[in-house]
Structure formats: C-alpha cells, structure tokens
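When we follow full-length UniProt numbering, the leftmost residue of the sequence shown carries the number 1, and every step to the right adds one. Glycine included, every Cβ here is placed at the ideal spot set by N, Cα and C. From a predicted model like this one, the values you see are computed outputs, not experimental measurements.
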Amino acid sequence: MTPHPGRADLERVVPGEERRGGGEAAAAQERGDRPRPETPLRGYLYCLAVSASGGCTGNPAKRRESRLMALKRMGIVKDYEKIRTFTVAVVGVGGVGSVTAEMLTRCGIGKFEVHNYNITTVDNFQHFMDRISYGGLEEGKPVDLVLSCVDNFEARMAINTCAPPLVVAANIDEKTLKREGVCAASLPTTMGVVAGILVQNVLKFLLNFGTVSYYLGYNAMQDFFPTMAMKPNPHCDDKNCRKQQEEYKEKTAAQPKQVVVEQEEEIVHEDNDWGIELVSEVSEEELHAASGPLPDLPKGITVAYTIPNKEENVVAGETVAESEESLEELMAKMKNM
1 MTPHPGRADL ERVVPGEERR GGGEAAAAQE RGDRPRPETP LRGYLYCLAV
51 SASGGCTGNP AKRRESRLMA LKRMGIVKDY EKIRTFTVAV VGVGGVGSVT
101 AEMLTRCGIG KFEVHNYNIT TVDNFQHFMD RISYGGLEEG KPVDLVLSCV
151 DNFEARMAIN TCAPPLVVAA NIDEKTLKRE GVCAASLPTT MGVVAGILVQ
201 NVLKFLLNFG TVSYYLGYNA MQDFFPTMAM KPNPHCDDKN CRKQQEEYKE
251 KTAAQPKQVV VEQEEEIVHE DNDWGIELVS EVSEEELHAA SGPLPDLPKG
301 ITVAYTIPNK EENVVAGETV AESEESLEEL MAKMKNM
C-alpha cells in the first residue's frame, strides 16, 4: 500500500509553496500549522497529505453527493443524478438569493445563472431575457426554472413579464411594507429558513417528488406556516402574461399523466400449517381504559405515550398477606420449589 504523502512530500511535490507572509508565516511555523493551499492542485495534494490524520477525507464533492444519494436509497427520489442536467436562474443575490445559490451548489445543480443587477432598465432587461431564453445547460435551450429572490415589486413585475406565472398578492406600494433602514430578508435566521424552503421546492419540482406548494408563508413570531393555493390571474393586464399562461396550460396538458402503482408487500411465510397468528394480548378498549387523560389534539396527530391512571383498581383477595419470615427463609423456600 502506498502511504499518503506527508508534509515534506507535499513541499517537494509543490515547490515554492508560499504559506503566509511576514511575521504571520513565522508564527504559523512555530505553532506547527499546515500550509494553506490556494490553487486546486495544491488543495488536492494538501488533502492527500493530511488525510491520514483525519483532517480531510476524500473529495468533498463526492462526500456531499453520497449524502444526497440517501434520498434515492430511501425511495424518495428515483433518479437524483438528473439534478446535474438542470439550469436554474437566481434573480437577486442578496440575503435570500446568496444562501439559495449556495444550497443549489451543494445539491449538485448542473448550472445556475445569477442576476444581481437592476433588471428594470431596458438594457439589463434585454440581457436578462437572452440569458433565461438561451442560457440552459444545452446550447440554445432555456433555463428550467427562474427563482425570484428580489426585495421589490418592480423587479418582480419585470420577472413576471418574461417568466410567468409569478404571483403577487396585491398591487400595493411596497413602501407600506418596508420600514426605512430595515432589511428583514438579511436577518440570518430568515435567510436560512426561507432559502431552505425555496430550494426544497425546487428539488421537488425538478425531480418530481412530493408536493410543490403554490404558496407557503412563514411567521417567525408564532412558528406558523400558512399554505394556500394562489394561481395566476387569467385576466391579467399584461397580454404576454395571459399568452404564456395558455402556453403553460397546453404544455401541462400534453404531458403524460404518471400513474402511481401501489405494490403490495410480499408475505414472507405464506404457508402457516400451525395457524400461528400475532395478536395483541391487550385490546384497544383495555389500553384506552388504562391510559390517563388524553390532550385535545387536532385531527391526524396522536400521542405515543400517555401517563397511566394513578388510581389502580385493586381487587380484594389478591393482596399478599404479611409474613414474619425472614428474607433468608423465603429464599430457601424458593429454592425448594
């Protein structure tokens, strides 16, 4: 077995490794810190050099993909490798958009376009139109999905003009929603929660599993997630929006419907010559009677354990009479039984 290259081998393979400059480099050498590689080649060699000590084990991309393949092994996603064939456009790389782009990268998306400039101007809007129309993974193909991570309605309306349907609740002035000097989307918790929900729905939409939400809200004060079905307005003022809505309906109707076939579990032991059956010794009524008071829960939620009743029904005649015999005498009786 060929041993992993050590620190000296790393310095010999990559001559002239510049660790740090000035006094910082000397202090790092005194502490025994390893050199920090800057190029991919040096990073790969550095990874091999420290893998024996547990500092870096293999290719990070391979480790990340192996974790995501758990969705396939669990039967949730049939073909997760298809994620590499999709292209997603992220409009607005601020608080939510930057975290979304990072999550898409970690999920292994094939390609994503990032637009972080004012798309409401004529020149930038035309460039944006060209990129989402011909910026797919295959040359000349459009992107598969456009994610709106902007913080103003003007930009959302511009995105809706070229990539409907995009739903906005009401045509109100955004100044009534935003406070001066406050950017709620840049709060660390908001960025993580909202971006995670967005990317999860992206995966469900592209890989065809689960249910994609039309609208999912987030109330951080009360931990409340309202959901509702919000669809595009068929009487929209923009004729291009109405046109693309009809095109989307025709495209959806032309797609073949997926029929889910439920497979019955195979019985391992079909022959039961002795007629053995697994039956609970306690009936459901007896279990309910022995349980304590049940809390008032909404439909679909059950308790896994309840506190038993404190009052136990003791039947007369079943109690053990007290005896004056010592413990040693009782143990001797048990041995003779």
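Cα-Cα separation, GLY92 to SER148: Take the alpha-carbon of GLY92 and the one of SER148: they are about 7 Å apart.
Contacts around VAL150, its chain only, beta-carbon distance under 7 Å, and the 5 residues preceding and following it disregarded: Closer than 7 Å at Cβ, skipping near neighbours: VAL91, GLY92, ARG156.
Residue environment, THR302, which counts as buried when at least 16 other CB atoms sit within 10 Å: The residue is exposed, with fewer than 16 neighbouring Cβ atoms inside 10 Å.
CB contact flag (ALA229, TYR214, <7 Å): The Cβ atoms of ALA229 and TYR214 lie closer than 7 Å to each other.
Residue-chain proximity (GLU324, chain D), Cβ-Cβ < 7 Å: Absent here is chain D; the protein component of the structure consists of one chain.
Selection from GLY110, LEU207, THR161, GLU154 that minimises the alpha carbon distance to VAL143: Measuring from the Cα of VAL143, the nearest candidate turns out to be GLY110.
Backbone secondary structure at LYS72 - three-state DSSP: In the structure shown, LYS72 sits in a helix (DSSP, three-state: H, G or I).
Beta-carbon separation (whole angstroms), VAL99 vs MET191, contact threshold 8 Å: Indeed, because the Cβ distance is near 5 Å, the residues count as touching under 8 Å.
For LEU206 and PHE86, the rounded distance between their alpha carbons: Roughly 8 Å separates the two Cα atoms.
Exposure of LEU198, with buried meaning 16 or more beta-carbon neighbours within 10 Å: Classification for LEU198: buried.
Chain-order list of residues whose beta-carbon lies under 7 Å from that of GLU328 (same chain, five-residue window excluded): Within the same chain, GLU328 has no close Cβ partners at all.
The alpha helix (DSSP H) enclosing GLU262, as first and last residue numbers: Element bounds for GLU262: n/a, residue is neither H nor E.
DSSP-derived helix/strand/coil call for ALA89: Here ALA89 sits in strand by DSSP.
C-alpha gap between SER53 and MET103, whole angstroms: Note that SER53 scores 40 on pLDDT, short of 50, meaning its location in the model is unreliable; the coordinates nonetheless yield the value given after this. Between SER53 and MET103, the C-alpha separation is close to 29 Å.
ASN208 in three-state terms, based on DSSP: Correct three-state label for ASN208: coil.
Rounded straight-line distance, which links the Cα of GLY300 to that of ALA84: A small correction: the amino acid at residue 84 is Arg; Ala does not occupy that position in the sequence shown. Each residue's Cα considered, the two are about 37 Å apart.
Exposure label - PRO40; buried when at least 16 CB within 10 Å: Low local confidence applies: a pLDDT of 44 at PRO40 is under 50, so the model's placement there is unreliable, with the coordinate-based value given in what follows. Around the C-beta of PRO40, fewer than 16 other C-beta atoms lie within 10 Å, and the residue is accordingly described as exposed.
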